[in-house]
Amino acid sequence: MTAPPAAVQRAFGLRGTPEPLSGGRGTSWRIGPAVLKPADQSPAERAWHAAVLGPVVEGHVRVARPLSTADGQLIVDGWMATAFVSGQHQPGRWLDIVQAGEHLHRQLAAVPRPAFLAARRDPWAVADRVAWGDQPATPFLAARHVRRLLSCCRPVDAALQVIHADLTGNVLFAALERPAIIDFSPYWRPAPYASAIVVVDAVVWEGADPAVFRTLTAQPGFAQLLLRALRFRMVTDAMQRGVEVVPPERDPYQRLVDLTCDWASS
């Protein structure tokens, strides 16, 4: 992993020795009050992040905001900077993660749909479109459970808005501090869909008992959001790892797929 060049550090007004940070893609460096990493956003997308996250009021959550140079640049020689926020991901705090996302989304409810979303072609953007029927699922029907999930889906009638669709590992907790939200991942979906993705991640990857989320899963229409969140993660897996054949007893998705299809049909 290559540290940010000295010229980039100076441009953002940073001094000190870069410290590599764990997590994410392993490309982030802390320098004092900032985190530098190779830019994975276009200039237009980075400008949108700065404009949208800048006004967020940190009453209930802290937000890692984009930083600019003295002359207003947001990307310098392929690097971008974000304010450092303290904390760590804590498995088991899933309901707190959901609540942090809800606080953020209430403030983003009036933000218009960003134009750059339509141009994204990364695996997550493709999986999102497949999950919501905006793109054919045909290439992914051989992936685990996708065909079954499609058969359980019904139309969703809910307001669309900008959401952070990758909250699970990107809400950090520190003693005596409000939760901190990092690595904002924007999508244009119903706000509770972000919570559904947290449920999927928690059950599938962190071993959560689905009963922990009974107040969410009991909400009218939430099962339909879960079906789409499951499909979103499964299609992403299929694009990144290929189609895998896994016995049901070793399939981390199996239990939640069964439960969600039951909830959707009841």
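Mapping of the sequence shown onto my numbering: residues 1014 to 1279, in sequence order.
Positions of the beta carbon are idealized from the N, C-alpha and C atoms, including for glycine.
Source: prediction; values computed, not measured.
Which residues in the same chain as residue i place their Cβ atom closer than 6 Å to its Cβ, once the five residues preceding and following it in sequence are excluded?
| i | result |
| --- | --- |
| Arg1284 | Because the chain spans 1014 through 1279 in this model, residue 1284 falls outside it and cannot be assessed. |
| Gly1182 | His1102 |
| Ala1094 | Phe1025, Ala1047, Leu1049, Leu1080 |
| Ala1156 | Met1247, Ala1251, Val1256 |
| Gln1120 | Val1069 |
| Trp1061 | Pro1127 |
| Val1124 | Val1065, Val1175 |
Within the same chain, show all residues whose beta-carbon is closer than 8 Å to that of residue i, passing over the 5 residues directly before and after it, in chain order.
| i | result |
| --- | --- |
| Gly1039 | Met1014, Pro1033 |
| Ala1052 | Arg1059, Ile1088, Gly1091, Trp1092, Met1093 |
| Gln1253 | Pro1136 |
| Glu1115 | Ala1204, Ser1208 |
| Pro1284 | Lying outside 1014 to 1279, the shown extent of the chain, residue 1284 is not represented and no answer is given. |
Give me the Cα-Cα distance between residue i and residue j, rounded to the nearest whole angstrom.
| i | j | result |
| --- | --- | --- |
| Gln1148 | Trp1137 | 13 Å |
| Glu1058 | Pro1104 | 30 Å |
| Leu1269 | Asp1196 | 27 Å |
| Arg1202 | Gly1045 | 35 Å |
| Leu1130 | Ala1277 | 29 Å |
| Ala1144 | Ala1019 | 43 Å |
| Gln1022 | Gly1029 | 9 Å |
| Asp1170 | Arg1241 | 14 Å |
| Phe1186 | Ser1099 | 8 Å |
| Phe1041 | Ser1279 | Here residue 1041 is Ser; the residue named in the question, Phe, does not match the sequence. Using only the alpha carbons, I get a separation of about 45 Å. |
| Tyr1266 | Asp1275 | 14 Å |
| Leu1117 | Glu1071 | 9 Å |
| Gly1036 | Glu1219 | 16 Å |
| Thr1151 | Leu1272 | 24 Å |
| Leu1229 | Arg1134 | 31 Å |
Just to confirm, is the Cβ distance from residue i to residue j under 8 Å?
| i | j | result |
| --- | --- | --- |
| Val1089 | Ala1016 | no |
| Ala1193 | Val1069 | no |
| Ala1113 | Val1065 | no |
| Ala1096 | Ala1077 | yes |
| Pro1363 | Phe1226 | Lying outside 1014 to 1279, the shown extent of the chain, residue 1363 is not represented and no answer is given. |
| Ala1207 | Ile1176 | yes |
| Leu1180 | Ile1110 | yes |
| Val1217 | Trp1107 | no |
| Pro1127 | Pro1199 | yes |
| Ala1224 | Gln1174 | no |
| Ala1209 | Ala1215 | no |
Among the residues of its own chain, which have a CB less than 7 Å from the CB of residue i, if the five just before and after it don't count?
| i | result |
| --- | --- |
| Thr1249 | Pro1136, Trp1137, Ala1140 |
| Leu1027 | Ile1044, Gly1045, Ala1047 |
| Gly1067 | Arg1078 |
| Leu1260 | Here residue 1260 turns out to be Pro, not Leu, going by the sequence shown. No residues qualify anywhere along the chain. |
| Phe1153 | Val1143, Val1159, Val1248, Ala1251 |
**Request:** Could you say if the stretch 1158–1168 and the stretch 1080–1094 meet the contact criterion of at least three C-beta pairs nearer than 8 Å?
**Result:** No: fewer than three Cβ pairs fall under 8 Å.
**Prompt:** Quick one: complete alpha helix (DSSP H) runs, 4+ long, within the stretch 1192–1265?
**Reply:** The stretch 1192–1265 contains these whole alpha helix (DSSP H) runs: 1204–1219, 1227–1230, 1235–1254.
**Request:** Return the chain-ordered ranges of every beta strand (DSSP E) run that is complete within the stretch 1126–1193 and spans a minimum of 3 residues.
**Result:** Correct list: 1174–1177.
**3 or more residues per run - each beta strand (DSSP E) lying fully within the stretch 1022–1091** = Within the stretch 1022–1091, the complete beta strand (DSSP E) runs of at least 3 residues are 1042–1044, 1047–1051.
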